[in-house]
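Sequence order for the protein chains is G, R, W, V and Y.
Here the working numbering is used: position 179 in the first sequence is 182, and no number is missing along the way.
Here the working numbering is used: position 62 in the second sequence is 63, and no number is missing along the way.
Here the working numbering is used: position 307 in the third sequence is 310, and no number is missing along the way.
Here the working numbering is used: position 245 in the fourth sequence is 257, and no number is missing along the way.
Here the working numbering is used: position 329 in the fifth sequence is 341, and no number is missing along the way.
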Amino acid sequence: ELKFKPGEDARFTWANFDELKKVDLKGETLSIFGPWRGEDEALARSVLDYFSEATGATINYSSSENYEQQIVIDTQAGSPPNIAILPQPGLIQDLASKGLLTPLDEGTANFIKENYGAGQSWVDLGTYKDKDGKPGFYGFPFKADLKSLVWYVPENFEEAGYEVPKTWEEMQALTDKIVADGGVPWCIGLGSGGATGWPATDWVEDIMLRTQAPDVYDKWTRNEIPFNDPAVVNALDIFAKIATNDKYVDGGKAAVAATDFRDSPKGLFAVPPKCYMHRQASFISSFFPEGTKLGEDADFFYLPPVAAKPELGNPVLGGGTLFTIAKDSKAARAFIDFLKMPLAHEIWMAQSGFLTPLKTANKEAYGNEALKKQGDILVNASTFRFDGSDLMPGKIGAGAFWTGMIDLVGGKPAADVAADIQKSWDAIK
Amino acid sequence: MASSRGKSVIGRFGVHIAVLVFVAIWTIPTLGILVSSLRDKDQLIVSGWWTALSTSSQTEAGRTDAADKQVEKDGKFLIMGNLFGAGDARTVTAFGTKAQQPTQFEAGTAADLGEGVTLQVNDDGSYVMSSPKAFEITRGQRVYFSASAPPRFTTDNYRTVLFSEGIGRSFINSLTVTIPATIIPILIAAYAAYALAWMRFPGRALLIAVIIGLLVVPLQMSLIPLLKLYNGVGLFFGVPAKTYLGIWLAHTGFGLPFAIYLLRSYIAGLPREIMESARIDGASDFEIFVKIVLPLSFPVLASFAIFQFLWVWNDLLVAMVFLGSGSDQLVLTGKLNALLGSRGGDWEILTTSAFVTIIVPLIVFFSLQRYFVRGLLAGSVKGG
Amino acid sequence: MTAQILSAIFTIIVGVGGCVVYYWGANKILDAVFPSRGVSGAAAVDNLRRQGLIRPWLFVGPAMLIVTVYLVYPVIETLRLSFMDRGGENFVGLANYSWAFGDREFRNSIFNNLLWLAVVPAACTFFGLIIAVLTDKIWWGNIAKSLVFLPLAISFVGASVIWKFVYEYRAEGQTQIGILNAAVQYLGGNPQVWISTPFWNNFFLMVILIWIQTGFAMVILSSALRGIPEETIEAAVIDGANPFQIFWKIMVPQIWGTIAVVWTTITILVLKVFDIVLTMTNGQWNSQVLANLMFDWMFRGGGDFGRGAAIAVIIMLAVVPIMIWNIRQANREGGGGH
Amino acid sequence: MADLTLRDVKKSYGNLNILHGIDLDIKSGEFIVFVGPSGCGKSTLLRSIAGLEEITGGELYIAGEKVNDVPPSKRGIAMVFQSYALYPHMTVYDNMAFGMKIAGESKAEIDKRVRAAAEILQLTKYLDRLPKAMSGGQRQRVAIGRAIVRNPKVFLFDEPLSNLDAALRVATRIEIAKLKESMPNTTMIYVTHDQVEAMTLADRIVVLKDGRIEQVGSPMELYKHPGNLFVAQFIGSPAMNIVAGTIERTGETSVVSHVGGHKSSVPVATPSEAQGKPVSFGVRPEDLYVATGDDYLFEGLVDYVEQLGEVQLVYVDIGRAEQPLVAKLPGNVEVKRGAKIRLAASPDELHIFDSEGHSFARRRLTAAAA
Amino acid sequence: MADLTLRDVKKSYGNLNILHGIDLDIKSGEFIVFVGPSGCGKSTLLRSIAGLEEITGGELYIAGEKVNDVPPSKRGIAMVFQSYALYPHMTVYDNMAFGMKIAGESKAEIDKRVRAAAEILQLTKYLDRLPKAMSGGQRQRVAIGRAIVRNPKVFLFDEPLSNLDAALRVATRIEIAKLKESMPNTTMIYVTHDQVEAMTLADRIVVLKDGRIEQVGSPMELYKHPGNLFVAQFIGSPAMNIVAGTIERTGETSVVSHVGGHKSSVPVATPSEAQGKPVSFGVRPEDLYVATGDDYLFEGLVDYVEQLGEVQLVYVDIGRAEQPLVAKLPGNVEVKRGAKIRLAASPDELHIFDSEGHSFARRRLTAAAA
Ligand SMILES: Nc1ncnc2c1ncn2[C@@H]1O[C@H](COP(=O)(O)OP(=O)(O)OP(=O)(O)O)[C@@H](O)[C@H]1O
Ligand SMILES: Nc1ncnc2c1ncn2[C@@H]1O[C@H](COP(=O)(O)OP(=O)(O)OP(=O)(O)O)[C@@H](O)[C@H]1O
Ligand SMILES: [Mg+2]
Ligand SMILES: [Mg+2]
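And the structure:
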């Protein structure tokens with residue numbers, strides 16, 4: 004059952020659907036393996052449905068709790084899915100370097116470059132070296148997350164007479180003001196089971212983008228500058244100053260690492276509020292209390308840039324999923340082509356939890372104002388950078404970096420933390 | 002030792018207490034999650050689950066109706082309504098209009114909001130906001146109040162899990178995987194264990210050593226080589242690589258070392274005279290095994306069956322790798338796992354599915370427990 | 004739906020039946036090839052001897068075959084990989100091993116693993132035994148047993164959610180929703196962040212495994228306890244032994260073999276366990292263990308098959324002493340043989 | 013002081029009644045032997061006294077104290093189990109020492125008593141063995157040793173000698189008798205199948221059948237004056253010969269006609285209403301002798317002869333359908349299989365039982381033969 | 013045909029030698045009884061014959077065929093275990109039927125034979141019970157039933173009656189004897205501690221001691237002509253009295269001096285080199301009688317009297333340090349404890365053993381008393 008009836012709603016580029024109908028894939032099976040489960044899976048399927056409906060291909064979508072492990076096993080053992088969707092560029096890089104992925108068509112990289120906001124950033128993101136060291140474009144970005152957001156409750160701000168800060172400096176001043184008023188400015192929760200620590204890496208990355216030029220950021224993620232470069236240490240320090248200040252964070256610094264990131268926004272909605280601001284990616288709204296209306300009961304603002312560094316513009320940190328071909332087939336190629344169509348994006352946009360940097364997609368299709376606003380931030384970004392920890396090798400980005408963040412909020416000096424992470428990085432070279 | 006063997010009252014009482022303590026320690030975590038899975042998702046992070054049954058006083062926010070609901074009466078504009086939805090029997094003790102001072106006013110009193118606007122909230126949640134001028138607000142006024150909340154429970158989570166589409170199918174798939182994957186290793190292991198305990202053949206000691214050594218092989222190590230093998234075999238015979246047979250054998254392989262180890266140690270302890278007697282009666286090893294050893298090993302077979310059943314039933318990894326994840330092969334754990342949000346949150350689904358999956362293993366446990374009979378060997382031989 | 008159920012039943016019957024048919028059939032064939040009944044004495048004896056040579060292999064054959072394919076072959080493969088580089092293609096000699104022993108995280112894991120090995124098997128066996136004995140004496144023993152058994156039936160993920168709720172931390176002064184901190188606060192203490200306190204957090208993780216595995220120990224020990232001849236306990240009762248003495252001096256020694264089995268099994272399980280560590284801390288706060296480290300290198304982040312395999316090999320080597328001890332035990336008790 | 017009193021003691025497994033109400037008074041220091049057919053409840057009764065079985069009815073007193081709910085270890089008893097019940101994981105020494113260790117006796121004392129008991133039971137050289145490496149008889153001796161060592165108020169023995177060889181059996185029997193003598197206040201209760209053991213050891217024998225007491229009395233009393241047919245046949249080996257008969261004449265001395273219409277006069281008083289009633293007429297094999305003249309009781313053909321050394325058992329077919337008559341004759345009497353034989357007995361040794369099996373009381377003063 | 017031949021059969025556990033080379037020929041249809049002290053290796057020997065223990069030396073032939081390596085089931089034997097070895101999960105019926113079911117006999121045949129055996133052993137009403145709900149004696153009967161039902165060439169019994177009561181024991185003993193008679197070609201080997209069983213059942217008795225054969229012979233032979241001191245004391249109950257003595261005169265009839273210098277003439281030939289040598293002088297309790305005149309063997313004080321009904325055991329202290337002398341006297345002889353008593357015996361019944369315990373051969377022709 005298609006979610007939106009073809010031809011009925013003007014927000015959608017239905018021409019794409021008719022175009023797609025020309026591709027005949029009857030009898031073909033396309034296996035897709037992705038990270039989405041639960042509601043997300045339903046959303047993803049709503050997009051896939053259009054492809055199978057139009058082309059006649061059968062789509063087998065599956066996912067798993069330990070999908071990273073599973074994809075390694077399946078590709079290594081020689082029974083990969085046609086399309087593997089992964090949110091970790093690092094993992095894709097690893098698979099590509101072992102020759103387990105198929106590069107996308109020639110034109111695809113160009114398409115991204117031309118049609119995506121901050122196109123080159125996205126192309127770089129999806130380009131990896133294969134077994135023989137030859138670079139190729141492997142990962143098609145589809146579905147982005149915006150990370151540079153600060154969530155707040157407008158009415159709390161109103162009552163207390165706070166203004167949304169436009170610059171980092173203003174934000175700092177607001178922070179102190181809230182403390183002076185007897186409130187707590189921030190809710191920070193780094194807990195995430197085995198992945199505990201990752202929310203802090205987002206903080207650091209956002210700070211990096213606001214204090215350093217994008218190429219420094221890129222060098223950092225590639226370890227072309229050491230992790231304990233003063234630029235990085237400075238970013239760590241800025242974050243540590245917030246997170247380890249008992250007055251700044253709800254529950255005090257001890258609670259930072261122990262609070263689950265899913266629970267941490269809930270402090271915004273407590274009565275009286277436990278905190279006033281929460282920096283987290285766009286997805287976090289699904290962990291808000293039931294019935295919360297975005298834009299009314301809760302809203303967000305763009306994590307402001309540092310006024311002292313106007314040359315950096317409005318950098319945006321984001322994440323997203325990359326579609327790769329793990330087992331080549333006609334259907335797989337056709338599917339990648341489908342992803343290039345605005346329609347594929349619009350279907351999901353019209354629902355929830357989906358942002359796209361694709362400029363040709365109809366912005367009116369966004370299901371609500373909040374999404375639209377986020378979409379604008381994404382498309383208008385002067386710089387878009389993918390989550391740095393996802394770009395680093397897994398041992399660092401999903402290991403040492405996380406651990407380092409926990410040490411950092413535990414009170415370890417930023418320089419030592421950075422040195423430790425660099426040491427781990429050296430060990431895997 | 003029946004309790005009759007004269008234990009003092011205190012002693013008997015002590016045993017009950019001790020068991021009660023153990024049971025409590027072992028049950029409390031689970032109980033917590035059971036209660037939690039029935040609780041309202043938002044209440045959960047506010048108060049401990051053990052308070053779920055008691056009425057709690059909570060400070061919350063509500064909202065009055067907006068201007069479009071106002072009525073004019075005696076020259077005053079009134080917005081009236083109730084902060085609680087229908088049927089919500091709570092009592093407001095105090096209220097306020099500022100988040101920082103949520104309990105500024107007693108229930109039933111009128112708060113002055115300035116410009117002649119007053120708001121009165123009564124203890125039943127009803128409110129009257131009056132103003133000399135017409136209201137223009139598009140959203141209602143936020144009202145903070147402290148209310149005693151009776152326990153709130155919901156079965157929504159269970160409904161979500163139990164009535165999700167395809168759950169019946171995956172249930173059957175799970176059984177199709179689990180039953181043979183439990184019985185086959187028992188059979189194979191029992192035969193091997195008997196041979197290793199009571200038959201003489203060269204290499205017996207070595208085999209025992211190997212089996213014990215293999216106990217430690219981490220399952221994950223085997224997955225890639227095995228899947229390669231499966232793919233190879235599948236390709237060679239032109240059959241699908243992922244079949245029920247494949248997963249049965251995989252579970253069998255992973256369960257065998259423990260099964261053999263456990264069964265062997267038990268079977269080796271059976272009284273030798275019984276075997277000898279059967280041997281003189283002319284029974285071959287096969288007959289001794291089937292007619293004497295198997296029935297006498299029921300307790301240990303039942304224990305192993307329970308464990309193997311649990312492992313297979315709760316397994317997701319092996320099923321995903323060797324059976325695939327298409328909807329017609331998806332096992333129950335896979336199905337429930339798919340209900341979870343991709344960000345690993347949705348603990349309410351997680352706890353609920355934990356309870357849903359427990360049910361079948363518990364039935365198995367209860368039905369096999371009666372085979373843990375005391376004194377199966379009683380009366381067979383005398384001696385010390 | 005019915006068609007599905009029928010096909011499931013059919014599949015199950017084919018699967019289990021196939022297995023039964025093998026043993027039954029192989030035995031029949033053996034009897035037919037070397038008949039021992041209804042032939043003359045000498046021939047029957049000869050045939051019996053031949054049967055005696057072949058039958059053990061019929062019995063252990065399937066087990067050996069399956070174990071070889073599913074475990075021995077992967078072990079060899081792992082061994083091979085442990086001498087290879089990250090992609091498993093180039094031979095690197097002992098590099099992975101020398102890396103391991105130089106790695107801080109690895110050394111930390113070894114230390115933690117030793118802690119786990121010292122605590123968990125002992126605790127599980129001990130509690131399992133106590134509960135098995137106590138529940139045998141009371142009328143609601145079966146219910147009590149089921150409740151203690153319950154955690155075993157919960158998946159690891161479910162268990163970690165449960166324990167997160169136990170260990171949940173809220174800053175001092177706030178309402179604690181984790182029962183442990185609530186209890187601590189009730190008793191006048193300060194709430195603690197249990198799982199992020201290095202060293203001690205190991206124990207909080209171990210508690211989870213103990214909580215799960217005690218049911219396992221209990222079930223096996225309970226079935227062993229029931230095999231103890233009643234008379235020996237009666238004799239001890241008459242000898243004046245109190246329940247503790249009966250337990251330690253009469254019951255425990257008689258099920259010593261089973262205790263060893265349980266202990267060994269849990270020890271090995273501890274070496275393999277990673278789910279708990281993964282979901283609770285993922286090795287952070289110095290709580291890393293070998294199995295999780297291996298897993299990390301193999302599938303998550305690391306992507307280095309060589310190192311993962313090397314760690315796996317080291318885990319396997321760790322059981323060698325246990326293996327030797329067990330084999331001695333098996334030989335001493337002699338099993339049977341005639 | 014260890015009097016033992018059983019009042020209407022009952023035991024059932026589910027609704028299977030094993031003991032139907034046992035009343036028994038045992039005086040302190042008495043040696044009581046329980047005998048009865050296999051399965052009659054001897055072990056069950058013993059276990060009830062020990063406290064190993066909860067009795068389902070009645071009361072049990074030891075030394076005047078009601079012990080229904082007293083745990084076994086507090087009843088001051090020691091028990092030798094029919095199935096040995098050795099601790100399989102302990103050496104012989106430790107098996108015997110266990111009770112004393114539990115009681116916290118000194119090492120030296122334990123050693124002394126264990127070695128003394130081992131000496132008596134010829135177990136000294138096996139002290140370090142485990143039960144599984146011992147023969148059946150050796151195991152049983154360990155079980156006895158374990159009880160001896162404990163020095164209890166009441167000893168319970170459940171067929172303690174059934175696996176011993178004759179020589180050791182006699183020796184152990186005498187040891188038990190001496191043990192008893194050296195502890196005059198210790199009460200002993202002993203279950204056995206062995207007539208000789210029962211006769212030689214017991215102060216009083218309790219004959220059980222189907223969970224009921226048939227008769228209690230000193231060995232000689234039971235042997236000479238069995239209260240009923242069952243006891244008559246049960247005590248004495250080979251069993252008393254029982255022949256169907258009819259009372260021809262009642263009075264102080266009765267006349268009974270039996271096989272082949274043969275009439276015998278018996279110095280047993282029968283009431284006049286017994287006239288013409290069917291009775292059982294009994295005579296012990298060892299009381300029969302070969303009749304020289306016409307004054308015989310039975311006449312028949314020798315069916316089968318068992319030579320036992322100094323005596324022989326002669327089975328005589330006297331023409332009744334059932335088993336042959338058994339006579340225990342001196343070993344030197346020449347008896348040929350198939351030959352005709354006439355057997356007589358002193359009238360004093362004859363017994364008569366009514367149709368319900370109760371014996372007619374014999375005049376205690378032995379009258380001269382009729 | 014089921015001849016059994018044992019040639020130098022040895023068995024050891026590790027380096028503990030249990031059987032030291034047993035040589036024995038058993039003819040088809042013979043009834044052989046093994047006796048010997050507890051732990052001497054009877055069960056081990058029986059188990060070796062059954063094939064349950066691998067013998068560590070020597071050869072074993074059944075019906076002329078070497079069976080060292082033949083599995084138990086092919087040796088054509090049935091065995092009753094000392095420890096029952098019942099199948100605990102099967103009812104009595106199934107326990108008995110198991111062997112026949114294995115052999116593929118017809119249902120009807122099985123039923124017939126099982127019921128017949130149950131009848132003999134009085135087990136009919138227990139056929140549906142499990143072993144655990146049976147008494148010790150009942151269990152043992154099931155074990156016997158299981159063997160009977162199988163109809164084997166060779167029957168092996170390991171103390172099959174040790175848990176039965178006297179009456180049932182006699183009955184079962186006679187059943188076994190009849191069983192034997194009805195199967196003249198079936199060889200039976202029987203281990204027992206019971207003298208009566210040994211004497212009544214055996215064609216030949218094998219006396220074992222410490223894993224060696226002491227003597228083989230018919231019951232009467234062993235009783236009358238024990239080959240050595242051990243056999244002499246082992247066979248017969250109570251055991252033969254042994255008194256230290258010295259040969260005073262050798263020749264066809266010897267004269268031996270013993271306790272208190274008393275001299276007795278014995279119709280046993282001793283070689284002249286035995287003159288003055290120490291010997292053991294033996295006489296069975298049942299051969300002693302109260303001497304009326306001066307012609308007595310022993311004189312002493314009555315130490316203790318055991319009344320056994322028709323006979324009594326009189327323990328007489330004749331002044332030697334060891335055990336008292338035992339005499340089995342008729343029950344009607346008046347003997348008082350502490351009284352002086354003189355005992356005599358027919359010279360025919362006297363035995364002399366040299367210092368190594370071997371008996372001096374007695375003249376087969378009984379001479380008149382000296
Ligand atoms: N657990 C039980 N359940 C049911 N019946 C039982 C149980 N134990 C024993 N019995 C029955 O109780 C009766 C008495 O048994 P008990 O062991 O006391 O006999 P016994 O007189 O000692 O016999 P034996 O001389 O053969 O040892 C027997 O008929 C037996 O079958
Ligand atoms: N497994 C074993 N290991 C070592 N010694 C053993 C073992 N089994 C038996 N023995 C010893 O072998 C000897 C002979 O034992 P066996 O059982 O044959 O004696 P038995 O003559 O049957 O005695 P009983 O009449 O008491 O049954 C005994 O001394 C015993 O201790
Ligand atoms: Mg008994
Ligand atoms: Mg024996």
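Idealized CB from N, CA, C, for every residue including glycine.
Beta carbon proximity, residue i to chain Y, threshold 8 Å
| i | result |
| --- | --- |
| V:LEU320 | yes |
Three-state class that DSSP yields for residue i in the structure shown
| i | result |
| --- | --- |
| Y:LEU173 | coil |
| V:ARG376 | With a pLDDT of only 43 at V:ARG376, under 50, the local geometry of the prediction cannot be trusted, and no value is derived from it. |
| W:PHE37 | coil |
Close beta carbons around residue i, own chain, < 6 Å, minus the five adjacent residues each side
| i | result |
| --- | --- |
| V:GLY69 | LYS22 |
| Y:LEU300 | ALA339, LEU355 and ALA357 |
| G:GLY391 | GLU208 and THR224 |
is_contact[residue i, chain G] using C-beta, thresh 8 Å
| i | result |
| --- | --- |
| R:GLN101 | yes |
Heavy atom of ligand 1 within 7 Å of residue i beta-carbon
| i | result |
| --- | --- |
| V:TYR25 | yes |
| Y:SER147 | yes |
Distance between residue j and residue i (C-alpha atoms, nearest Å)
| i | j | result |
| --- | --- | --- |
| G:TYR70 | W:VAL160 | 15 Å |
| Y:LEU309 | Y:HIS237 | 20 Å |
Short CB-CB distance (under 8 Å) between residue i and chain W
| i | result |
| --- | --- |
| R:VAL20 | yes |
| Y:LYS22 | no |
Cutoff 7 Å; reference residue i; Cβ partners in own chain excluding five residues on either side
| i | result |
| --- | --- |
| Y:TYR105 | VAL126, LEU139 and ASP140 |
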